[in-house]
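Here is the structure we will look at, set down as structure tokens.
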Amino acid sequence: MLATIGRRLLTVIPTLIGVVIVTFLLTRVLPGDPAVYFAGPAATPQSIADIRKGLGLDRPLPEQFARYVNDLAHGNFGNSLSTGRPVATEITSRLPASAELTFLGLILSLVIAVPLGILAAVKQGSWIDHTCRVVATAGVSLPVFFTGLLLVYIFYYQLGWAPAPIGRLDAFATAPPNYTGFYLIDSLVTGNFETFRAALSQLILPAVTLAVFSLAPIARMTRASMLAVLASEFIRTARASGLDTRTVIITYAFRNAMLPVVTTLGMVFSFLLGANVLVEKVFAWPGIGSYAVEALLQSDFAPVQGFVLTMAVMYVVLNLLIDILYGVIDPRVRLEG
Amino acid sequence: MKRREFLKSATALAAGTAISAPAVFSAEAQSRKETLLLVSEGGPNNLDIHGVGTNRPGYEASWNCYDRLVTHPTKTLADGTLSYDKDKFIPELAEDMKIGDMSVTFKLKKGAKFQDGTPVTAKDVKWSFDRAIGVGGFPRVQMKAGSLEKPEQFVAVDDNTFRVDFLKKNRLTIPDLATIVPGIYNMALLKSKATDKDPWALEYTKSNTAGSGAYKVTSWKPGVEVVYERNDAWIGGKLPQLKKVIWRTIPSGGNRRALMERGDADMSFDLPAKDFTEMKKENKLKLISNTIGNGMYSLELNVVKPPFNNEKVRQAIAYAIPYEKIIEAAMFGHAKPLFGGASNTVTSTDWPQPTGYKYDLEKAKALMKESGVGPIESVISFDLGDAISSEPMAVLIQESLGKIGIKLAINKVPGANWRSQMAKKEMPMMVNFFSGWLDYPEYFFFWCYSGQNAIFNTPSYVNKEMDAFIDGAYAAAAIGEKEKYATDVKGFISKAYNDVPRIPIFQPYLNVATQKNISGYQYWFHRQVDYRKLVKA
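Protein chains in written order, with the working numbering: chain A, 934 to 1270; chain B, 5 to 541.
See below:
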């Protein structure tokens, strides 16, 4: 097992080298000149040149690249110009924010989508099947910023049930000490239930927004793969043998239908993690997606490179985890393939 | 049966997570009375204006955390709002300012201390001014506007006395000393943080404040919030009422408005014109707006290349801009018109003031005919970062110029790209905004019309007569020749309006919303919030 994982990890290296090269080149061919942008309002050619020199952008590309790789090798992702902090610090502080939100959104989504998908498959053509279809279609066709703003409008502005959408914590609450970066976990670990509640209440609306969006792929995938499995012979055999419906569906059918669902889940997770920029914008969430987009808009190279690299690594790790999970769910699947 | 169970568990879980939502408002009671919660679209990228590429919100941190030698007093404008008084100066860190013929001498206030307790001396002032010039970039350019260019000009006479020698007489020298750039930094502290690569300790001041100002930044999470606490030992002015200021970045404009209307935030800064006019109608909050001094939106034409090198074509365009519609559609009626004046040959030195142009298609068509230029195809560009105002303007201009035979394509330039596009000076026509800190007409013209062809002279307009007026006004102002000054100012404004390389459209407002219990907000040339005079009742 370990050897297999090791081998899998080795194949990751060329991918990462590719990502490093491509992101470096991409950021250089982007339109926009960071030196001019950051020279500020009353720039003169002289002041622009000063900044270009300060940023090392006056050097030839290969030299810039060599320096970039050297920095990376020392764990230095460079400095962000737009926030003025080292990119590594920013990413480590923002990734947990995004991850916490995404996890919660995904859990919510799972809790609703998987049962819905199973029911839709079991009672194909019934009202619950239609409900599943409608919910999935609506969820995926409502743009996230719209769902987000709508939820804010109803639950914060009109009803006043939800807290102000101003980020991970209310302005007057203090953040829990940083162990994992997940406010829910950190506040529980330190036994600070006040903060836990404050953090959770801030999380609910954005998490629901994400959940609504990610319902569709999970519910539809569950339904489709359940349908396929339910039609197969071993289910018929199980039924014919007089097994309880519950055992047939959960133990036999669902377990076999889980593989594609887990795959979808992995895809949805990595997609949400990087792509929930709009949710982050609506809820002023200090996540990694909005950080990258902001940086891109200001031709701030270092964070963009850092972001793409981090996401690439995460994607690789996630895929590895999912592959391992396959083996656990279905012992017939082995990592060798 | 199973179905019901599944549904039950699903709804129970969903309900379980939702229950805790209402309980949120409890934690914030403690210090709200002495704390201001300020929200705005963007936050600082650097707490020090001397830093490389510090953005506008970063200026706010510098303004509130560092002192200058002198500053401007507050005055009440005709509409009851407060503004800085650009013509007067009051001491901040200096207790006394003596202007001599070729120098100005300051006595520092006794007992002034940096936030770490080190006394402020003239050596700190000298070092800070050297720093402003030494770091290059924008700070150096700003210092130069006041003819503050060489370290030899700054002399620490003794611990308590500081002198600036003039390179030449320049009326902008003293106003320039009251801008954000010449703040006073803690030399001893910063020298201890300096390295060979970073002799001015910019790395340290990027995320730490090292001044003697009324506030210090106690926590800064880029893109999230800045937390300021009051410096109780401040002697630069009257001790501010607010003990703490929390400045949160809320990117969504709708949410900023919701926060204000529900009373969760105390102040929302720099509102779009649309929100401002709507919120004003609702009358639930205090809404304050001030015209942005020495600033205007204009249509700028590249005068170097055909067809806009033809003066008649430019004048035709100036008569074909649907000014009123623009103010209505782009600014929701909330802007000060810069058109429809009596004549393009002006009789006052007010700046900015209306041109003699107005929407008159017949006149425009006649001028086009007179120009002898055939149908024109060109491109109008605008900054996507400012799409909220610029885009409707570009569309309306495109539509209207179509009627006089000028066919325009629209070029949306991403914000990051705008400056470099401007610097190339290749865009034939653009909607643009410019405002100068120092509120003097010659300062605007120095940047936008003079032969030095700075980045803001987007039309690349170079004209000897114009330069003579601008230089003349600078020289006359320096020695106080009022009549000559007025003649030159009227001269350059009239020349600019008749030649129209840029067509002024309107002067925008800076809009702020506060809860009704907040008072003391005042407009500053730097267009950021001064916390020091804010009062929360």
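Built from N, CA and C at the ideal position, the CB exists for glycine as well.
Residue i touches chain B at which residues, Cβ-Cβ below 8 Å?
i	result
Thr1016(A)	Asn49, Pro226, Gly227
Glu1227(A)	Gly227
Ala1235(A)	Neighbours of Ala1235(A) on chain B: none; closest Cβ ~13 Å, over 8 Å.
Ala1173(A)	The contacting residues do not exist; Ala1173(A) stays about 20 Å from chain B at best.
Tyr1224(A)	Gly227
What does a CB cutoff of less than 8 Å around residue i pick up in its chain, not counting 5 residues either side in sequence?
i	result
Val1047(A)	Ile1151, Ala1152, Thr1155, Val1194
Trp451(B)	Phe438, Gly440, Ala458, Phe460, Asn461
Gln425(B)	Ser385, Val417, Met431
Gly1199(A)	Leu1251, Asn1252, Leu1254, Ile1255
Lys148(B)	none
Short of 6 Å in beta carbon distance, which residues of its chain neighbour residue i, apart from the five on each side in sequence? Order them along the chain.
i	result
Phe336(B)	Ala277, Lys278, Thr281
Val108(B)	Val168
Tyr447(B)	Gly440
Val231(B)	Thr222, Ser223, Ile250
Gly55(B)	Leu206, Lys210
Arg531(B)	Leu514
Compute the beta-carbon to beta-carbon distance between residue i and residue j, rounded to the nearest angstrom, for a pair I have assumed lies under 8 Å.
i	j	result
Ile188(B)	Val124(B)	6 Å
Arg1101(A)	Ala1132(A)	6 Å
Ala126(B)	Phe166(B)	4 Å
Ser293(B)	Val43(B)	Their Cβ separation, rounded to whole angstroms, is 17 Å, which puts Ser293(B) and Val43(B) out of contact at 8 Å.
Ala339(B)	Tyr527(B)	Going by Cβ atoms, the distance from Ala339(B) to Tyr527(B) rounds to 16 Å, so no, they are not a contact pair.
Ala269(B)	Ala320(B)	Contact flag wrong, Cβ pair sits at about 48 Å.
Ala1069(A)	Leu1148(A)	6 Å
Val1272(A)	Ala1235(A)	Residue coverage of chain A in this structure runs from 934 to 1270, which leaves residue 1272(A) outside it and unanswerable.
Asp120(B)	Asn59(B)	Not really, about 27 Å apart at Cβ, beyond 8 Å.
Val1145(A)	Thr1080(A)	5 Å
Which chain A residues are close to residue i, counting only those with a beta carbon under 7 Å from its beta carbon?
i	result
Thr253(B)	Ala1217
Ala427(B)	Val969
Val516(B)	The premise fails here: Val516(B) is roughly 18 Å from chain A at the closest Cβ pair, so nothing lies under 7 Å.
Using DSSP with H/G/I as helix, E/B as strand and the rest coil, what is residue i?
i	result
Met106(B)	coil
Phe1234(A)	helix
Ala14(B)	Confidence at Ala14(B) is low in this model, with a pLDDT of 42, below 50, so its placement is unreliable and the value that follows should be read with caution. Of the three classes helix, strand and coil, the one that applies to Ala14(B) here is helix, per DSSP.
Tyr527(B)	strand
Ser1120(A)	helix
Asn1012(A)	strand
Pro77(B)	coil
Val533(B)	coil
Leu305(B)	strand
Asn515(B)	strand
Glu32(B)	Residue placement at Glu32(B) cannot be trusted, given a pLDDT of 47 that sits under 50; the coordinates are not used to answer.
Ile380(B)	strand
Trp422(B)	helix
Lys172(B)	coil
Arg1265(A)	coil
Gly57(B)	coil
Leu41(B)	strand
Thr948(A)	helix
Ser616(B)	Residue numbering for chain B in the displayed model covers 5 to 541; residue 616(B) lies beyond these limits and cannot be assessed.
Can you list the residues of chain A that residue i reaches, using a CB-CB cut of under 9 Å?
i	result
Phe448(B)	Simply none; closest approach about 12 Å.
Could you work out which residues of chain A lie near residue i, taking near to mean beta carbons separated by less than 8 Å?
i	result
Pro61(B)	What Pro61(B) touches in chain A: nothing, since even the nearest Cβ is about 11 Å away.
Ser347(B)	Per Cβ cutoff of 8 Å: no residues; Ser347(B) is ~32 Å from chain A at best.
Ser216(B)	The contacting residues do not exist; Ser216(B) stays about 22 Å from chain A at best.
If you drop the 5 nearest sequence neighbours on each side, which residues of the same chain put their C-beta closer than 7 Å to that of residue i?
i	result
Tyr970(A)	Gln1231, Ser1232
Ser464(B)	Asn306, Val307, Val308, Lys429, Asn457
Gly1217(A)	The amino acid occupying residue 1217(A) in the given sequence is Ala; Gly does not appear at that position. These residues qualify, in order along the chain: Pro1098, Ile1099, Gly1100.
Ile184(B)	Ile53, Tyr63, Ser66, Trp67, His530
Asp492(B)	Phe473, Gly476, Ala477, Ala480
Ser404(B)	Ala324, Ile325, Pro326
Taking C-beta pairs closer than 7 Å, name the residues in chain B that residue i reaches, listed in chain order.
i	result
Val931(A)	Chain A is shown only over 934 to 1270; residue 931(A) falls outside these bounds and no answer can be derived.
Gly987(A)	Val56
Asp983(A)	Gly140, Gly141
For a contact meaning CB atoms closer than 9 Å, what does residue i contact in chain B?
i	result
Leu1075(A)	Correct list: empty, because the minimum Cβ distance to chain B is about 17 Å.
Pro1098(A)	Ile254, Ser256, Asn259, Ala262, Leu263
Leu1082(A)	Ser256, Gly258, Asn259
Mind checking the stretch 996-1008 of chain A against chain B and listing, in chain order, the residues whose C-beta falls within less than 7 Å of any C-beta there? none
Residues of the stretch 404-423 of chain B in Cβ contact with chain A at a cutoff of 7 Å, in chain order, please. Pro418, Gly419, Ala420, Asn421, Arg423
Contact set between the stretch 1249-1260 of chain A and chain B, restricted to residues whose Cβ is under 8 Å from the partner: none
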